[in-house]
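The numbers in our numbering rise by one with no breaks, and the one at position 254 of the sequence shown is 302.
For each residue, glycine too, the CB sits at the ideal point set by N, CA and C.
Quick caveat, the model's predicted, so the values are computed rather than measured.
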Amino acid sequence: MNIAIVGTGYVGLVSGACFSEMGVDVTCVDIDADKIACLKSGEIPIYEPGLKELVLRNVEAGRLHFTTSLAECLDDVEVVFSAVGTPPDEDGGADLSHVLDVARTFGRNINRYTLLVTKSTVPVGTASKVKDVISGELSSRGVDIDFEVASNPEFLKEGAAIKDFMSPDRVVVGVESERAKAVMTKLYRPFLTNNFRVYFMDIPSAEMTKYAANAMLATRISFMNDIANLCDHVGADINMVRKGIGTDVRIGGKFLYAGCGYGGSCFPKDVKALARTARENGCVMRVVEAVEATNEAQKRVVYDKLCAALGDSLKERRIAVWGLAFKPETDDMRQAPSLVVIESLVAAGAVVRVYDPVAMDECRRRLGDGSALRGDGRVEYACDMYDAALGADALLLLTEWKQFRMPSWSVLRHVMGNPLIIDGRNIYDRAEVESEGFVYSGIGR
């Protein structure tokens with residue numbers, strides 16, 4: 049089976065590599081010529097555990113190809129996946145310009161029945177817009193070529209994307225005909241030979257499912273952060289509360305961890321877009337809008353705790369930051385709480401010394417020395433976790449990388465100027481940390 053995937057970002061490249069691993073002939077398309085050249089030379093533009101090996105293996109096997117032209121490969125493929133970006137526009141909605149560009153190219157160049165599947169996260173109703181664009185292009189050509197559109201939203205977790213794709217807990221597909229259903233069944237059956245967990249539905253329901261899933265997970269996080277903030281005021285421990293409610297089978301224990309807010313490419317964008325879609329259709333999603341507001345406020349909690357501990361003046365204070373990516377096992381800093389914390393510290397005049405196992409280059413690209421930020425503080429880049437803490441007045445843990453979980457407390461106590469730790473992910477045991485001579489502050493503890 050031959051397919052094309054347009055977009056070699058996180059979703060497109062992971063999808064292409066995984067499909068090719070199952071024997072599908074995949075052509076990955078991107079208009080960024082430099083990115084395609086890098087991929088052809090074996091350079092992977094994103095960090096994801098296991099992805100480089102998967103890509104190189106399937107390129108060598110002749111199943112995975114890269115090109116800048118969708119038009120050139122359309123005659124050879126049965127399915128085209130659209131996995132281009134849908135960044136938020138100024139009012140929070142999803143920018144569909146790239147999605148519609150793919151539809152135009154598709155309509156201008158197909159010569160036989162082809163299925164266009166949207167894998168990008170798009171608002172409900174996008175499939176109708178895509179169909180209209182394709183039909184318009186075919187009409188301009190004066191041809192009547194059969195085509196269909198479908199929706200196949202992705203549910204990949206950064207840091208575990210390959211496992212999620214190769215062994216999915218479910219695959220959601222929105223189709224309009226038995227023909228499209230048969231094509232998608234053929235494509236996904238090898239991934240689900242023992243238990244075929246593909247859920248076929250109408251296209252609007254599939255489009256909505258992606259947003260609903262992310263909004264639900266984001267809601268659980270923001271709810272627990274709200275409870276954690278109350279715990280700080282009343283003397284309760286959010287970890288005990290989490291265990292107490294997580295054992296209720298109606299609730300379950302996942303996504304109940306309090307912290308300094310969520311980030312990444314999905315939750316912030318999708319929550320905003322869902323709220324925007326609701327308002328465009330005369331509906332106000334009060335819970336969803338509160339989730340977004342709660343999360344934005346939560347990103348400042350660690351900074352506020354630092355000010356409470358050291359005083360409002362942080363000028364020339366040396367602050368160590370462990371963790372820059374929005375979550376472990378990725379270099380993705382999009383909407384990361386670290387950006388809010390660092391911006392606030394620089395604005396207050398602090399010297400911020402940062403370390404992340406993977407995201408250092410991404411942080412340099414975004415922030416440089418911090419001179420682009422408001423304030424007279426600066427950003428320094430450490431060579432390891434202990435170097436970051438050298439002479440620090442406080443250590444802020446913002447991403448729960450495994451290598452941060454069991455530090456040498458004696459080394460840390462020796463290099464820090466002031467033994468204050470603010471644990472933005474609640475990964476440390478308060479009694480242990482305090483027994484080592486540190487002042488400890490967590491979230492809701």
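Run of the alpha helix (DSSP H) containing residue i, from where it starts to where it stops
i	result
Glu428	Not the alpha helix (DSSP H): Glu428 falls in the beta strand (DSSP E), residues Arg426 to Tyr429.
Phe315	Phe315 to Glu328
Ser68	Tyr58 to Glu69
Tyr434	Met433 to Ala436
Asn106	Leu99 to Glu108
Asp194	Looking at the DSSP string, Asp194 is not in any alpha helix (DSSP H), and its letter there is neither H nor E.
Ile53	Where Ile53 is concerned, there is no enclosing alpha helix (DSSP H), although the beta strand (DSSP E) it sits in stretches over Asn50 to Val54.
Val178	Thr174 to Arg189
Cys121	Leu118 to Cys121
Ile470	Here Ile470 belongs to no alpha helix (DSSP H); instead the beta strand (DSSP E) covers Leu468 to Asp471.
Residue range of the beta strand (DSSP E) that includes residue i
i	result
Trp457	It is not in any beta strand (DSSP E) - Trp457 instead sits in the alpha helix (DSSP H) that spans Trp457 to Val463.
Cys279	It is not in any beta strand (DSSP E) - Cys279 instead sits in the alpha helix (DSSP H) that spans Ile251 to Val282.
Asn287	That residue, Asn287, is in no beta strand (DSSP E); its alpha helix (DSSP H) goes Ile286 to Gly294.
Gly222	Val219 to Gly222
Ala384	Looking at the DSSP string, Ala384 is not in any beta strand (DSSP E), and its letter there is neither H nor E.
Cys331	That residue, Cys331, is in no beta strand (DSSP E); it is neither H nor E in DSSP.
Arg156	Not the beta strand (DSSP E): Arg156 falls in the alpha helix (DSSP H), residues Ser145 to Asn157.
Leu443	Ala442 to Leu445
Ser489	Val487 to Ser489
Beta-carbon proximity check, residue i vs residue j, cutoff 8 Å
i	j	result
Lys167	Asn200	yes
Glu206	Val59	no
Asp379	Ser313	no
Val388	Lys347	yes
Arg366	Ala430	no
Trp65	Leu112	The question names Trp, but residue 65 is Ala in the sequence shown. Closer than 8 Å, so yes.
Met433	Tyr476	no
Val197	Leu164	yes
Gly155	Gly184	yes
Glu126	Met49	yes
Ala425	Ala395	Ala is not the amino acid found at residue 425; the sequence shown has Gly there. Cβ distance < 8 Å, so Gly425 and Ala395 count as in contact.
Gly397	Leu443	no
Arg478	Arg493	yes
Val495	Val54	No answer is possible for residue 495: it lies beyond the span of the chain, which begins at 49 and ends at 493.
Phe195	Ile251	no
Val332	Ala326	yes
Glu69	Leu104	no
Leu87	Thr56	yes
Residue i to residue j span [Cα, whole Å]
i	j	result
Met256	Glu364	48 Å
Met249	Gly173	14 Å
Gly485	Asp73	59 Å
Thr295	Arg268	15 Å
Leu393	Pro136	26 Å
Ala373	Arg324	27 Å
Glu91	Lys83	9 Å
Val181	Gly71	32 Å
Tyr488	Ile469	5 Å
Gly423	Ser456	33 Å
Gly110	Ser215	23 Å
Ala81	Pro97	25 Å
Val463	His281	32 Å
Asp409	Phe452	19 Å
Arg412	Asp124	42 Å
Cys279	Arg290	11 Å
Option in the options with minimal Cα separation from residue i
i	options	result
Leu322	Cys121, Leu102, Val170 and Phe129	Val170
Ala175	Ser187, Arg160, Val147 and Gly184	Val147
Leu99	Ile210, Leu415 and Asp424	Ile210
Val336	Leu265, Leu362, Leu304 and Arg298	Leu265
Ile390	Leu358, Ala261 and Val350	Val350
Ser130	Cys355, Ala109 and Asp78	Asp78
Tyr305	Asp274, Met333 and Lys177	Asp274
Glu344	Gly359, Cys308 and Ser188	Cys308
Ser419	Val399, Leu438, Asn474 and Cys331	Val399
Leu445	Leu354, Leu415 and Arg105	Leu354
Lys229	Ala263, Lys88 and Thr162	Thr162
Met454	Gly330, Val62, Ile491 and Glu480	Glu480
Arg334	Ala284, Val297, Ala263 and Leu278	Ala263
Close Cβ partners of residue i (< 7 Å) along its chain, the five nearest in sequence each way excluded
i	result
Trp449	Gly371, Pro376 and Pro405
Thr115	Thr75, Val77, Ile84 and Cys121
Tyr95	Thr378, Asp379 and Val406
Cut-off 6 Å between Cβ atoms - residues of its own chain near residue i, not counting five sequence neighbours on either side
i	result
Pro316	Gln383
Glu428	Arg401
Ala436	Ala368, Arg401, Tyr403 and Ala430
Lys258	Thr169 and Pro201
Contacts around residue i, its chain only, beta-carbon distance under 8 Å, and the 5 residues preceding and following it disregarded
i	result
Tyr247	Arg218, Val219, Val220 and Val221
Ala357	Ala442, Leu468, Ile470, Val487 and Ser489
Arg414	Met381 and Leu387
Asn474	Ile286, Asn287, Tyr305, Ala306, Gly307, Gly490, Ile491, Gly492 and Arg493
Neighbour flag for residue i against chain D, beta carbons, 8 Å
i	result
Val178	Note that chain D does not occur in the displayed structure, where there is just one protein chain.
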